[in-house]
Amino acid sequence: MNIETIRVKNFKALRDVEIKDVPAYCVFVGRNGTGKSTLFRVFAFLKNCLAKNVRAALNIEGGRNGLREVLSRGHEQEDLEIEIQCRLDIAGTNRLVTYHLEIGETSDKVTIVKREILRYKRGRHGSPFHFIDFANGEGYAINNEEAFDKPDSELERESQKLDSPDTLAIKGLGQFERFKAASAFRQLIENWHISDFHINSARGDKEEEDAKHLSPSGDNLPSMARYLYEKHRKVFDSIKQRMQQRVPGVADIAVTVTEDGRLLMRYRDGAFVDPFIDKNVSDGTIKMFAYLVLLADPKPHPILCVEEPENQLYPELMGVLAEEFQQYSERGGQVFVSSHSPDFLNAVPLECIYWLEKEKGETSIHRAADSPLLASLVKAGDLPGYLWNQGLFNSRTLPAS
Ligand SMILES: Nc1ncnc2c1ncn2[C@@H]1O[C@H](COP(=O)(O)OP(=O)(O)OP(=O)(O)O)[C@@H](O)[C@H]1O
Ligand SMILES: [Mg+2]
0 MNIETIRVKN FKALRDVEIK DVPAYCVFVG RNGTGKSTLF RVFAFLKNCL
50 AKNVRAALNI EGGRNGLREV LSRGHEQEDL EIEIQCRLDI AGTNRLVTYH
100 LEIGETSDKV TIVKREILRY KRGRHGSPFH FIDFANGEGY AINNEEAFDK
150 PDSELERESQ KLDSPDTLAI KGLGQFERFK AASAFRQLIE NWHISDFHIN
200 SARGDKEEED AKHLSPSGDN LPSMARYLYE KHRKVFDSIK QRMQQRVPGV
250 ADIAVTVTED GRLLMRYRDG AFVDPFIDKN VSDGTIKMFA YLVLLADPKP
300 HPILCVEEPE NQLYPELMGV LAEEFQQYSE RGGQVFVSSH SPDFLNAVPL
350 ECIYWLEKEK GETSIHRAAD SPLLASLVKA GDLPGYLWNQ GLFNSRTLPA
400 S
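According to numbering that gives the first Met the number 0, the sequence shown holds residues 0 to 400 in order.
Below, the structure is given as structure tokens:
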């Protein structure tokens with residue numbers, strides 16, 4: 000598992016939320032507008048902050064008004080805060096690292112990173128040590144953090160000024176080997192996969208690329224299928240077999256090279272001799288194949304976020320799909336899924352389910368297993384999806400706090 004705690008303040012409907020002891024597999028449910036996508040956008044936002052800069056990432060979330068539009072309504076005077084606690088391997092040692100980010104405006108309304116801290120405990124005792132500490136574009140980073148023989152007081156601080164106060168320190172410093180925590184955290188975020196799958200992007204002939212992972216939009220599906228076929232034949236065969244079981248008529252799936260050297264997926268129906276090009280294959284067929292390719296990735300992403308995987312798929316397939324997401328998390332990738340499907344939820348352990356509620360414009364997030372009623376009903380054999388359908392995922396079932 001990678002992320003242990005997530006804390007968000009003033010990010011749209013997420014006025015002040017915290018999820019502790021985040022499991023390796025998390026499924027979020029809740030009525031429309033309660034903040035599921037917003038939570039996933041926090042991950043995308045951090046990724047964009049690294050890939051671009053903070054202002055550009057805010058524009059993606061909030062349009063041209065940027066931060067103003069992103070801050071929780073009624074709290075525009077406060078800063079946006081994100082804190083993530085995660086497990087990272089730093090120079091061969093597994094550490095519980097906390098990354099803290101505060102974004103706000105200067106008095107003349109310029110968006111800046113007000114504070115950015117990366118901290119962890121080096122020894123068993125003592126308080127967490129700041130390995131990176133920046134405010135308004137200036138700060139320091141420790142450059143001999145793994146000098147185990149040295150006490151905290153003798154670690155070397157290297158003062159730095161960032162190119163711009165809307166750049167993350169982990170972006171600049173994370174490029175350098177000597178800032179080990181920064182580069183480990185940077186790499187973690189860069190490898191998050193936030194799915195934005197579009198069936199039509201996956202269709203059609205494609206330029207062959209050196210794919211090792213399915214892209215977020217799925218537009219490299221033929222290259223990825225070819226990679227699995229060439230380099231991981233057993234994985235490819237198992238995907239094909241599951242397609243045959245799940246999608247009536249699918250007999251074979253193959254990637255072919257077109258005359259002009261592009262890749263094209265073809266699906267053969269057992270009733271016909273010639274395969275269909277993917278343009279003429281159903282949406283659900285392509286989506287199921289893409290999910291199987293995504294979830295069979297030989298090298299799981301540290302974090303995988305998928306919204307509403309049930310769309311376009313036959314309800315009966317939800318159980319196996321939910322289990323496949325869980326298996327992915329057991330192979331090392333932490334999985335975040337949102338869903339409106341009771342069939343999907345029926346196959347998810349209660350400990351992995353969170354429900355979101357919104358009151359007076361503010362989201363709250365609740366762990367289903369914290370409800371004694373839900374826990375006892377599931378223990379007695381009820382399935383979470385049915386209980387959710389009965390309206391039992393609500394804070395009245397939680398112990399009074
Ligand atoms: N700046 C903001 N401050 C407070 N609330 C906001 C802000 N911007 C958007 N919202 C609220 O957040 C809601 C969007 O929530 P989100 O898209 O995360 O819901 P969801 O749970 O994914 O819903 P669905 O099930 O429909 O996909 C908007 O409908 C709006 O009410
Ligand atoms: Mg949504």
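Where a beta carbon is used, it is the ideal one built from N, C-alpha and C, also for glycine.
Asked, Found
"Boundaries (first-last residue) of the beta strand (DSSP E) holding C304", "302 to 306"
"Distance between G61 and V69 (C-alpha atoms, nearest Å)", "5 Å"
"heavy atom of ligand 2 below 6 Å from K11 C-beta", "no"
"G318: CB within 6 Å of a non-hydrogen atom of ligand 1", "no"
"Contact check, T255 vs R265, beta carbons under 7 Å", "yes"
"Option nearest E350 by Cα separation, candidates M242, E80, R118, V26", "V26"
"Given 8 Å, three or more beta-carbon pairs between the region 330 to 340 and the region 301 to 309", "yes"
"Anticipated Cβ contact below 8 Å, I352 with P371, distance rounded", "With 8 Å as the limit, I352 and P371 do not qualify as a contact, their Cβ atoms being about 15 Å apart."
"Bridge partner(s) assigned by DSSP for F133", "E115, G138"
"Near ligand 2: K35 beta-carbon under 6 Å from a heavy atom", "yes"
"Range of the contiguous beta strand (DSSP E) that encloses W354", "352 to 358"
"Straight-line gap, T92 to C85 (C-alpha atoms, nearest Å)", "13 Å"
"Limits of the beta strand (DSSP E) - the one that V28 falls within", "24 to 29"
"Cβ neighbour criterion (16 or more within 10 Å) applied to N47", "buried"
"Close-in-space but distant-in-sequence residues of the same chain around E82 (CB under 6 Å, 5 per side omitted)", "R6, H99"
"Euclidean distance between Cα positions of H231 and R30", "40 Å"
"Cα-Cα separation between M223 and F44, rounded to whole angstroms", "26 Å"
"Complete runs of the alpha helix (DSSP H) confined to the region 3 to 55 [at least 4 residues]", "35 to 50"
"Opening and closing residue of the beta strand (DSSP E) in which D268 lies", "262 to 268"
"Sequence-distant residues of the same chain with beta carbon closer than 8 Å to F235, five excluded per side", "A224, L227, Y228"
"Coil, strand or helix - V109 by DSSP", "coil"
"Buried or exposed (CB count within 10 angstroms, at least 16 for buried), A55", "exposed"
"Distance, N142 Cα to G173 Cα", "11 Å"
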